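Shown next, in structure tokens, is the structure this report addresses.
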Amino acid sequence: MKKSFQLIALVAVALLSSCSGGEKDKAATEKVEEKPRVKLASVTARPVDQIQEYTATVQAEVKNNIAPSSPVRIDRIFVEVGDRVAKGQKLVQMDAASLKQAKFRLDNQEIEFKRTDELYKVGGTSKSEWDAAKMALDVQQTTYKNLLENTALLSPINGVVTARNYDNGDMYSGGNPVLTVEQITPVKLMINVSEGYFTKVKKGASVAVKVDVYGDEEFEGKISLIYPTIDANTRTFPVEVQLANRDQKVRPGMFARVTLNFGTQDHVVVPDLAIVKRAGSGDRYVYVYKDGKVSYNKVELGRRMDTEYELLSGVDNNSQVVVAGQSKLADGVEVEVEK
Numbered sequence: 001m002k003k004s005f006q007l008i009a010l011v012a013v014a015l016l017s018s019c020s021g022g023e024k025d026k027a028a029t030e031k032v033e034e035k036p037r038v039k040l041a042s043v044t045a046r047p048v049d050q051i052q053e054y055t056a057t058v059q060a061e062v063k064n065n066i067a068p069s070s071p072v073r074i075d076r077i078f079v080e081v082g083d084r085v086a087k088g089q090k091l092v093q094m095d096a097a098s099l100k101q102a103k104f105r106l107d108n109q110e111i112e113f114k115r116t117d118e119l120y121k122v123g124g125t126s127k128s129e130w131d132a133a134k135m136a137l138d139v140q141q142t143t144y145k146n147l148l149e150n151t152a153l154l155s156p157i158n159g160v161v162t163a164r165n166y167d168n169g170d171m172y173s174g175g176n177p178v179l180t181v182e183q184i185t186p187v188k189l190m191i192n193v194s195e196g197y198f199t200k201v202k203k204g205a206s207v208a209v210k211v212d213v214y215g216d217e218e219f220e221g222k223i224s225l226i227y228p229t230i231d232a233n234t235r236t237f238p239v240e241v242q243l244a245n246r247d248q249k250v251r252p253g254m255f256a257r258v259t260l261n262f263g264t265q266d267h268v269v270v271p272d273l274a275i276v277k278r279a280g281s282g283d284r285y286v287y288v289y290k291d292g293k294v295s296y297n298k299v300e301l302g303r304r305m306d307t308e309y310e311l312l313s314g315v316d317n318n319s320q321v322v323v324a325g326q327s328k329l330a331d332g333v334e335v336e337v338e339k
């Protein structure tokens with residue numbers, strides 16, 4: 001009887017050992033199966049257009065504020081906002097009372113100088129008296145000329161009236177100009193370009209300009225001015241783009257986008273699905289697969305091209321990158337690749 005109990009005990013131990021071993025094998029199998037499953041894409045370097053887009057506000061090529069040099073009453077304004085004006089066109093007539101007085105004083109001074117000059121020629125007056133009379137005449141001529149220029153205000157350019165701040169009969173007292181005239185053929189746009197492109201920006205080069213109000217319609221502009229210094233804070237330099245605007249469709253104040261093409265350069269291009277954003281920062285990463293493991297590589301993005309990104313750094317040519325399954329990954333983790 002005792003032997004029977006011993007035999008039963010041995011069988012039980014054997015069964016328990018067998019079960020335990022099975023569970024260990026099962027756990028080991030499950031552990032193997034816990035490798036994250038990922039999908040890969042092979043990536044290579046290829047020529048990529050080096051296109052940069054900049055935003056700008058359209059500005060007039062020339063902007064002139066029309067105003068007299070001293071306070072005076074406005075007699076009449078001949079134009080309204082939106083009127084096209086020509087260079088030399090009379091825009092405003094200021095009160096002429098001061099001008100009439102100045103003309104009267106000038107006429108008298110001319111008579112006085114003529115009398116002094118005739119006396120001086122025959123020795124009837126001294127050189128100092130002649131000099132004093134000539135100086136007085138010069139002063140009156142200058143005064144009259146200034147008043148004349150500030151009584152009839154002329155347009156210095158061909159352009160459009162974009163502001164009118166006074167009405168007929170108002171007293172001009174400084175501050176805002178009576179009128180503003182802007183030249184809108186051509187117009188200009190100012191953009192700030194990264195210093196890395198300083199040697200690539202060329203005066204006279206063509207650029208593409210889109211104005212938001214006109215959708216996808218494209219205008220041709222040209223680089224008209226390149227500023228010679230770099231801003232130490234922003235590491236950029238100003239570039240002026242000129243737009244012919246012969247049809248005057250583009251107006252000052254409109255929002256525009258300027259595209260510069262700096263040629264092509266070979267860069268690695270990856271699917272946008274490979275890009276991972278690190279939580280709490282603006283950094284971007286890509287998981288690169290090699291020898292059964294993935295590495296977490298920080299990348300510098302270039303252009304986005306439909307469903308792909310140009311990479312300026314971070315991934316080598318002919319690499320394999322993860323495009324699905326990143327949520328369970330970490331740097332150095334072994335993975336199983338889905339075929």
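Reading the sequence shown from the start, the letters are residues 1 to 339 in UniProt numbering.
Cβ atoms here follow ideal geometry from the backbone N, Cα and C, with glycine treated the same way.
A quick note: this is a predicted structure, and the numbers were derived from the prediction, not measured.
Checklist entry - Using DSSP with H/G/I as helix, E/B as strand and the rest coil, what is Asp75? => result Along the sequence shown, one-based indexing puts residue 75 at 75. If DSSP states are grouped into helix, strand and coil, Asp75 belongs with the strands.
Item to check | Where Leu154 falls: helix, strand or coil (DSSP) | outcome: The residue you call residue 154 lines up with position 154 of the sequence shown. The DSSP-derived three-state label of Leu154 is strand.
Item to check | Test item: CB-CB of Leu311 and Val268 under 8 Å | outcome: As a first step, residue 311 is located in the sequence shown; it is residue number 311 there, counting from the start. As a first step, residue 268 is located in the sequence shown; it is residue number 268 there, counting from the start. Yes, Cβ-Cβ distance for Leu311 and Val268 is below 8 Å.
Next on the checklist: Using a Cβ-Cβ cutoff of less than 7 Å, which residues in the same chain neighbour Gln248 once the five nearest sequence positions on both sides are dropped?
Outcome noted: As a first step, residue 248 is located in the sequence shown; it is residue number 248 there, counting from the start. Ile184 and Thr185, listed in sequence order.
Item to check | Per-residue burial, Arg164 [other beta carbons within 10 Å of its own, 16 or more giving buried] | outcome: Locating residue 164 in the sequence shown gives position 164, where the first residue counts as 1. So Arg164 ends up on the buried side.
Checklist entry - Can you give the Cα-Cα distance for Ser173 and Val72, rounded to whole angstroms? => result Along the sequence shown, read from residue 1 onward, the residue named residue 173 stands at position 173. Along the sequence shown, read from residue 1 onward, the residue named residue 72 stands at position 72. In this structure, the CA atom of Ser173 is about 7 Å from the CA atom of Val72.
Item to check | Lys328 - DSSP class collapsed to helix/strand/coil | outcome: Position 328 of the sequence shown, counting from 1, holds the residue named residue 328. In the structure shown, Lys328 sits in a helix (DSSP, three-state: H, G or I).
Item to check | Residues that Thr143 bridges to, as DSSP identifies them | outcome: Position 143 of the sequence shown, counting from 1, holds the residue named residue 143. DSSP lists no partner for Thr143.
Checklist entry - Three-state secondary structure (DSSP) at Thr116? => result On the sequence shown, residue 116 is found 116 positions in, with the first residue counted as 1. Here Thr116 sits in helix by DSSP.
Next on the checklist: Less than 6 Å between C-beta atoms, sequence neighbours within five positions excluded: which residues of the same chain meet that for Leu106?
Outcome noted: Stepping through the sequence shown from its first residue, residue 106 is reached at position 106. Excluding its 5 nearest sequence neighbours in each direction, Leu106 has C-beta neighbours in its own chain below 6 Å: Gln140 and Tyr144, listed in chain order.
Item to check | Beta-ladder partner(s) of Ile111, from DSSP | outcome: By 1-based counting over the sequence shown, the position of residue 111 is 111. BP columns for Ile111 are empty, so no partner.
Checklist entry - DSSP puts Glu334 in a beta bridge; with which residues? => result By 1-based counting over the sequence shown, the position of residue 334 is 334. Per DSSP, the beta-bridge partners of Glu334 are Lys293.
Checklist entry - Leaving out five residues before and five after Val270 in sequence, what residues of the same chain have Cβ atoms less than 7 Å from its Cβ? => result Here residue 270 refers to the residue found at position 270 of the sequence shown. Cβ neighbours of Val270 beyond the five flanking positions: Val43, Val286, Glu308, Tyr309, Leu311, Val315 and Val321.
Checklist entry - Does DSSP classify Met135 as helix, strand or coil? => result Position 135 of the sequence shown, counted from the start, is the residue given in the question as residue 135. For Met135, the three-state secondary structure derived from DSSP is helix.
Checklist entry - From Leu243 to Tyr197, what distance separates their C-alpha atoms? => result Along the sequence shown, read from residue 1 onward, the residue named residue 243 stands at position 243. Along the sequence shown, read from residue 1 onward, the residue named residue 197 stands at position 197. Whole-angstrom Cα-Cα distance: 22 Å.
Checklist entry - Quick one: Cα of Ile275 to Cα of Val160, how far? => result As a working note, residue 275 is residue 275 in the sequence shown. As a working note, residue 160 is residue 160 in the sequence shown. Those two C-alpha atoms are separated by around 50 Å.
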